[in-house]
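Visitor:
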Amino acid sequence: MIVPLDEAVRELVHDGDTIALEGFTHLIPVAAGHEIIRQGLRDLTLVRMTPDIVYDQLIGAGCAGKLVFSWGGNPGVGSLHRFRDAVTSSWPVPLEIEEHSHAGMANRYVAGASGLPFAILRGYSGTDLVENNPNIRTVTCPFTGQELAAVPALNPDVTVVHAQRADRDGNVQLWGITGIQKEAVLAADRALVTVEEVVDTLDPVPGQVILPERVVDRVSVAPGGAAPSYAHGYYERDNEAYRAWDAVGRDREAFTAWLEELIAAPTTPEPAGRGL
Amino acid sequence: MIVPLDEAVRELVHDGDTIALEGFTHLIPVAAGHEIIRQGLRDLTLVRMTPDIVYDQLIGAGCAGKLVFSWGGNPGVGSLHRFRDAVTSSWPVPLEIEEHSHAGMANRYVAGASGLPFAILRGYSGTDLVENNPNIRTVTCPFTGQELAAVPALNPDVTVVHAQRADRDGNVQLWGITGIQKEAVLAADRALVTVEEVVDTLDPVPGQVILPERVVDRVSVAPGGAAPSYAHGYYERDNEAYRAWDAVGRDREAFTAWLEELIAAPTTPEPAGRGL
Amino acid sequence: MTTVTWTSDEIMTVTAARSLRDRMSCFVGIGLPSTAANVARRTHAPGLWMIYESGTLGTVPGHLPLSIGDGILADTADTVVSVPEVFNYWLQAGRIDVGFLGAAQIDRYANINTTVIGDYADPEVRLPGAGGAPEIAASCREVTVIMRHSRRAFVDRVDFVTSVGHGSGPGDRERLGLRGAGPMRVITDLGVLEPDPLTRELVLTGVHPGVEPDAVREATGWDLAVAGDLAVTPEPTDAELSVVRSLTGGS
Amino acid sequence: MTTVTWTSDEIMTVTAARSLRDRMSCFVGIGLPSTAANVARRTHAPGLWMIYESGTLGTVPGHLPLSIGDGILADTADTVVSVPEVFNYWLQAGRIDVGFLGAAQIDRYANINTTVIGDYADPEVRLPGAGGAPEIAASCREVTVIMRHSRRAFVDRVDFVTSVGHGSGPGDRERLGLRGAGPMRVITDLGVLEPDPLTRELVLTGVHPGVEPDAVREATGWDLAVAGDLAVTPEPTDAELSVVRSLTGGS
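Residue numbers (our numbering), protein chains in the order written: chain A, 42 to 317; chain B, 42 to 317; chain C, 22 to 272; chain D, 22 to 272.
#1: In angstroms, rounded to a whole number, what distance separates the CA positions of Gly-52 of chain C and Val-134 of chain B?
#2: Determine which residues of the stretch 63-82 of chain D have a Cβ less than 8 Å from any Cβ of chain B, and write them out in chain order.
#3: Name the chain C residues that come within less than 7 Å of Ile-251 of chain A, Cβ to Cβ?
#4: What are the residues in the stretch 46-59 of chain D lying within 9 Å of chain B by C-beta distance?
#5: Would you kindly check if the distance between the Cβ of Gln-214 of chain B and the Cβ of Gln-187 of chain B is under 8 Å?
#6: Determine the closest residue to Gly-57 of chain B out of B:Val-128, B:Gly-119, B:Met-42 and B:Asp-198, with distance taken between C-alpha atoms.
#7: For Leu-68 of chain A versus Ser-270 of chain A, is the C-beta spacing smaller than 8 Å?
#8: Skipping 5 residues on each side, what residues in its chain have a beta carbon closer than 7 Å to that of Thr-297 of chain B?
#9: For the candidate residues A:Asp-279, A:Thr-200, A:Gln-98 and A:Ala-285, whose alpha-carbon lies nearest to that of Gly-90 of chain D?
#10: Return yes when the Cβ of Ala-127 of chain A is within less than 8 Å of the Cβ of Ala-160 of chain A, no when it is not.
#11: Using 8 Å as the limit for Cβ to Cβ distance, is Arg-44 of chain C near chain B?
#12: By the 8 Å beta-carbon criterion, what residues does the stretch 163-174 of chain B contribute toward chain C?
#13: Out of curiosity, what's the CA-to-CA distance linking Trp-216 of chain B and Glu-195 of chain C?
#14: Whose C-beta lies closer than 8 Å to the C-beta of Gly-83 of chain D among residues of the same chain, with five residues either side of it excluded?
#15: State the DSSP-derived secondary structure class of Trp-27 of chain D, mapped to helix, strand or coil.
#16: Expressed to the nearest angstrom, what Euclidean distance is found between the alpha-carbon atoms of Leu-20 of chain C and Arg-51 of chain B?
#17: Between Ser-55 of chain C and Leu-85 of chain C, how many whole angstroms is the CB-CB distance? I'm expecting something under 8 Å.
#18: Of all Cβ atoms in chain A, is any one closer than 8 Å to the Cβ of Gly-10 of chain C?
#19: Please report the straight-line C-alpha distance between Thr-241 of chain D and Phe-175 of chain D, rounded to a whole angstrom.
#20: According to DSSP, is Trp-132 of chain A helix, strand or coil?
#21: If you draw a straight line from the alpha carbon of Thr-185 of chain A to that of Gly-190 of chain D, how long is it in whole angstroms?
#22: In chain order, which beta strand (DSSP E) runs of at least 3 residues are fully inside the stretch 249-277 of chain A?
#23: Could you check if Glu-254 of chain B is buried or exposed, using at least 16 other CB atoms within 10 Å of its CB as the buried criterion?
#24: Can you give me the start and stop residues for the alpha helix (DSSP H) that Ala-282 of chain B sits inside?
#25: So that I know if they touch, is there some Cβ in chain A lying closer than 8 Å to that of Leu-87 of chain B?
#26: With DSSP as the reference, please indicate the residues paired to Gln-214 of chain A in a beta bridge.
#27: From the DSSP output, in three-state form, read off Ala-160 of chain A for me.
#28: Quick one: what's got a C-beta closer than 7 Å to Pro-234 of chain D's C-beta in the same chain, skipping five residues either side?
#29: Under the DSSP definition of a beta bridge, which residues are partnered with Lys-223 of chain B?
#30: Within 8 Å, do at least three Cβ pairs link the stretch 161-170 of chain B to the stretch 142-157 of chain C?
#31: Does any CB atom of chain D fall closer than 8 Å to the CB of Gly-81 of chain A?
#32: Just the C-alpha distance for Val-264 of chain C and Val-44 of chain A, rounded to the nearest angstrom, thanks.
#33: Considering only the beta carbon of each residue, do Ala-114 of chain C and Leu-233 of chain A sit closer than 8 Å?
#34: Hey, which unbroken runs of the alpha helix (DSSP H) at 4 residues or more fall wholly within the stretch 166-202 of chain D?
#35: Would you say Gly-270 of chain C lies against chain B (beta-carbon separation less than 8 Å)?
#36: Considering only the beta carbon of each residue, do Gln-205 of chain A and Val-256 of chain A sit closer than 8 Å?
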């Protein structure tokens, strides 16, 4: 259950998989994303509500054939240039996209976690998203006759999330902004969780989400593994790193140099402060 | 916002209302139910997943014209005799029933809380509930063609729940088994919350649900107001009282005597241990 | 030499407990099913993962709860989730190995009635109703029913189908879109009934020590078939009985 | 006598802040909208109830978050809920008074584009996409858009309708089943645009001090109508500017 990150990625992720590395600004599984780049995985369908710089990196590294998402940007900074380059110039490989709203993506995960084939919501009506995405349809309420949007369940082959802690059995505990992580894990066929630390006992914390070990396939210890995003109670968001990415991501050469450095580096966690 | 219970009931509950007093074994708003009996409200549509003895009392007192529910019993003891008597002998008044499964009721509240007209679930298929309840229908998944059950949203006129604490602004905090209470409050037009106590600050508690004051219309202090059910961290379930109700509820005369005593009593909280 | 004696309820409980394997996930109904699951967890299945419909996941109560939502269930759970979550994310998603249910009436195809005796519109006896049972019976990988044997309870056709067992025979569950295998055993105070693999009709496959098959047939409201290789339940061990009695207060 | 000076971004932020009333609930987008909402809360609307789409309800951050989900938002919230809950139970249910949104492009009917410039299949510029905006624009009781004025941004017809404003005119929102009133004001660094009550087309109803209506028309990609009773934004007060600058680090 608890294995090194490189081993966990090797066991759970395969070329061509649909994979969600979720995290809503908080607890983004960056170390796992970097390990996927290092292992040279290809043709992945990457899923995430808010693809940010680690998805920019995966796309720039040529790991992805498709992106399913609702907002792709560098939060508070600007655009994702590798994402832009892939969409507009197919560099380094073409990137197919499937685009939703946050409400649509969130409900797709809820349906996936619930064993339902689709979800209904009030959304999309009148937008150009509808005509560009065959996965946005409608259903009619059998009681009121109202028409509502329908989206298909999302059931990734693999979901990866980062959490603060796990116990030795592999039960996982996360808190703070917990976003869509529970649903993404429950919707997946396989789940990998990187954690700041493994502890003997998961002392209850207000606002916690517990992922029982029976829905988690592998836990890997990756202290600082969410940096430059943050881990509530462990370290803060490195806003400077997000700003600094803009210049790297903007330029193919600068990005390639960054990529070579990443691949050359051993599989170790990102540096980050502890216990903030 | 924070008013005596008799005033809160007078302001929020009216004859003919659809009213949900929710609580899944834990935190059942018994004191509020007794106040509704005292005020002689009539022709209520009572809604609850698990109507137990306080609903038996409301039905026996003639407050209800209809019951919408999924399991009506005295948990761990047996049947509700006033409910049985109303259904089989229309005593003291006829009781119409609308009957669901727990999964159906829970999803009806979820739809109500979500501003959707209906909910979908895998349920009811092949059961005789379907032909006896026009509020169980089907929809077809627009992606897979699968047929799923559909139930209409539940939006009570009033929801009443009991919670451990509120702050002076009316923000409410409950924890332990929180059941369907959040959804029932969010689905309602008006919400009344009885609490064990009002405090200056709601210190965070693991597993807590917070109901922000803007979704709560009235808070009433009713220490022991969930007894003979329990309030996690305050007092335990009085299993003996549940067992003792069987004899009272079984007999119209014994019940009538109980009812007269209740009505004669002032509006005060039930006695119960504190700080267990 | 020790002479072990037990009641028919005790051997029913022990037999139901034995049907659970370690580390299974079990959606537990209150009453007899809850007692049996807790016996299993204290004997051969310490890793049994019990869910009660109040939202308590992985609970390990120190004593038997009277209701489905006693405080002891929350205090000892891995986590407590909302009622919509337990039904949607855990049950409906197909994560639960076995549903442990009681019933007021069951029929030859293991369909379950907990709604009314008699006509729905004008019932002879009004029962509590469905609760979580219809979806537990639909979505758990399999279902075990625990109930006392009597002609009133074991009927040819239930008065009301609250929860579908095997419908009216082979193919019915698939046709109805029910994803679990349905009731794979009915454990009573007299013995064990299992669906025939071909006809899906309940057949007597085991009796408790000292029970004659004819006595079971006598207590059953249809012409109950008896398996050729009828098993006899191994006697409860001292350890099992001691756990049952510590939980139920019996002796 | 004090001479107050300010930047065009500062008066935009102050004007947007003033549009909020105390105790309103506000679904806050990141960037300019977030700055304005936080200014309001620190000036005339201390009871402003801010929601960010990361699930932080009733948050009172001590400094401006860079992202929609900074730790400071969770630390100071009344409660933090999951992302499905914030969209389903809070936004979709119609509980939010006002959505505060930014945009890359907006058109004469206040339709919003945050998806692509150019053709969707072969875009000139790929923008971040929808995020929460389509449903914020649909479900909040009303919407305020905050963005800098330019001919590139204020276009006759957006290249892509990410979030519906007033569609193509009267009756469109109703026909589409959108329950909120839609964008009721667009606040820019030059002035304020509001939909004409009859035609739903954006009209210039206010300018900031020192801004000529023609300059606004010049910065707008359609033939912008100017209200007869054109308002002039009251100058920012010292107190307002001091709060804006303390939040943004400006001076």
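Cβ coordinates follow ideal geometry from the N, Cα and C atoms, glycine included.
None of the values given here were measured: they were computed from a predicted structure.
Guide: According to the structure shown:
#1: For the purposes of this step, residue 52 of chain C is taken as the residue at position 31 of the third sequence. For the purposes of this step, residue 134 of chain B is taken as the residue at position 93 of the second sequence. Cα to Cα, the separation comes out at about 32 Å.
#2: Trp-70, Leu-78 and Gly-79
#3: Position 210 of the first sequence holds residue 251 of chain A. Chain C residues near Ile-251 of chain A: Asp-99 and Thr-100.
#4: Ser-46
#5: Your numbering for residue 187 of chain B matches position 146 in the second sequence. Your numbering for residue 214 of chain B matches position 173 in the second sequence. No, they are not a contact pair.
#6: Your numbering for residue 57 of chain B matches position 16 in the second sequence. Of the candidates B:Val-128, B:Gly-119, B:Met-42 and B:Asp-198, the one whose C-alpha sits nearest the C-alpha of Gly-57 of chain B is B:Asp-198.
#7: Translated into positions along the first sequence, residue 68 of chain A becomes position 27. Translated into positions along the first sequence, residue 270 of chain A becomes position 229. In this structure, Ser-270 of chain A lies closer than 8 Å to Leu-68 of chain A by Cβ.
#8: In the second sequence, the residue the question calls residue 297 of chain B occupies position 256. Cβ neighbours of Thr-297 of chain B beyond the five flanking positions: none.
#9: To locate residue 90 of chain D, count along the fourth sequence from 1; it is residue 69. Nearest C-alpha to Gly-90 of chain D: A:Asp-279.
#10: By 1-based counting over the first sequence, the position of residue 160 of chain A is 119. By 1-based counting over the first sequence, the position of residue 127 of chain A is 86. Contact: no.
#11: For the purposes of this step, residue 44 of chain C is identified with residue 23 of the third sequence, where counting begins at 1. So no, Arg-44 of chain C is outside the interface.
#12: Arg-163, Gly-164, Tyr-165, Ser-166, Gly-167, Thr-168, Asp-169, Leu-170 and Asn-173
#13: For the purposes of this step, residue 216 of chain B is identified with residue 175 of the second sequence, where counting begins at 1. For the purposes of this step, residue 195 of chain C is identified with residue 174 of the third sequence, where counting begins at 1. One C-alpha to the other measures close to 40 Å.
#14: Taking the first residue of the fourth sequence as 1, we reach residue 83 of chain D at position 62. Same-chain partners within the cutoff: Ile-93 and Thr-97.
#15: The count along the fourth sequence starts at 1 and reaches residue 27 of chain D at position 6. In the structure shown, Trp-27 of chain D sits in coil (DSSP, three-state: anything other than H, G, I, E or B).
#16: Only positions 22 to 272 of chain C appear in the structure, and residue 20 of chain C is not among them; the question remains open.
#17: As a first step, residue 55 of chain C must be located in the third sequence, where it is residue number 34. As a first step, residue 85 of chain C must be located in the third sequence, where it is residue number 64. About 6 Å; that satisfies the 8 Å criterion.
#18: This structure leaves residue 10 of chain C out entirely; chain C is present only between 22 and 272.
#19: The residue labelled residue 241 of chain D in the question sits at position 220 within the fourth sequence. The residue labelled residue 175 of chain D in the question sits at position 154 within the fourth sequence. Their backbone Cα atoms lie some 5 Å apart in a straight line.
#20: For the purposes of this step, residue 132 of chain A is taken as residue 91 along the first sequence, with counting starting at 1. In this structure, Trp-132 of chain A counts as coil in the three-state DSSP scheme.
#21: Along the first sequence, read from residue 1 onward, the residue named residue 185 of chain A stands at position 144. Along the fourth sequence, read from residue 1 onward, the residue named residue 190 of chain D stands at position 169. Roughly 27 Å between the two C-alpha positions.
#22: 250-252 and 259-262
#23: The residue labelled residue 254 of chain B in the question sits at position 213 within the second sequence. Buried: at least 16 other Cβ atoms inside 10 Å.
#24: One-based indexing of the second sequence puts residue 282 of chain B at position 241. Residues 280-291.
#25: Position 46 of the second sequence, counted from the start, is the residue given in the question as residue 87 of chain B. Chain A contact via Cβ: absent.
#26: As a working mapping, residue 214 of chain A is identified with position 173 in the first sequence. DSSP, once it has assigned bridges, lists A:Arg-206 and A:Ile-251 as partnering Gln-214 of chain A.
#27: On the first sequence, position 119 is the one that residue 160 of chain A refers to. In the structure shown, Ala-160 of chain A sits in a strand (DSSP, three-state: E or B).
#28: Looking up residue 234 of chain D in the fourth sequence gives position 213. Contacts found: Leu-225, Val-228, Val-247 and Leu-251.
#29: For the purposes of this step, residue 223 of chain B is taken as the residue at position 182 of the second sequence. Looking at the DSSP assignment, Lys-223 of chain B forms no beta bridge with any residue, so it has no partner.
#30: yes
#31: Looking up residue 81 of chain A in the first sequence gives position 40. Gly-81 of chain A does not count as touching chain D.
#32: Residue 264 of chain C sits at position 243 when you count from the first residue of the third sequence. Residue 44 of chain A sits at position 3 when you count from the first residue of the first sequence. Taking the straight line joining both Cα atoms gives about 38 Å.
#33: Here residue 114 of chain C is taken as the residue at index 93 of the third sequence, counted from 1. Here residue 233 of chain A is taken as the residue at index 192 of the first sequence, counted from 1. Taking 8 Å as the Cβ cut-off, Ala-114 of chain C and Leu-233 of chain A do not qualify as a contacting pair.
#34: 193-197
#35: Taking the first residue of the third sequence as 1, we reach residue 270 of chain C at position 249. No, its Cβ sits nowhere closer than 8 Å to a Cβ of chain B.
#36: For the purposes of this step, residue 205 of chain A is taken as residue 164 along the first sequence, with counting starting at 1. For the purposes of this step, residue 256 of chain A is taken as residue 215 along the first sequence, with counting starting at 1. In this structure, Val-256 of chain A does not lie closer than 8 Å to Gln-205 of chain A by Cβ.
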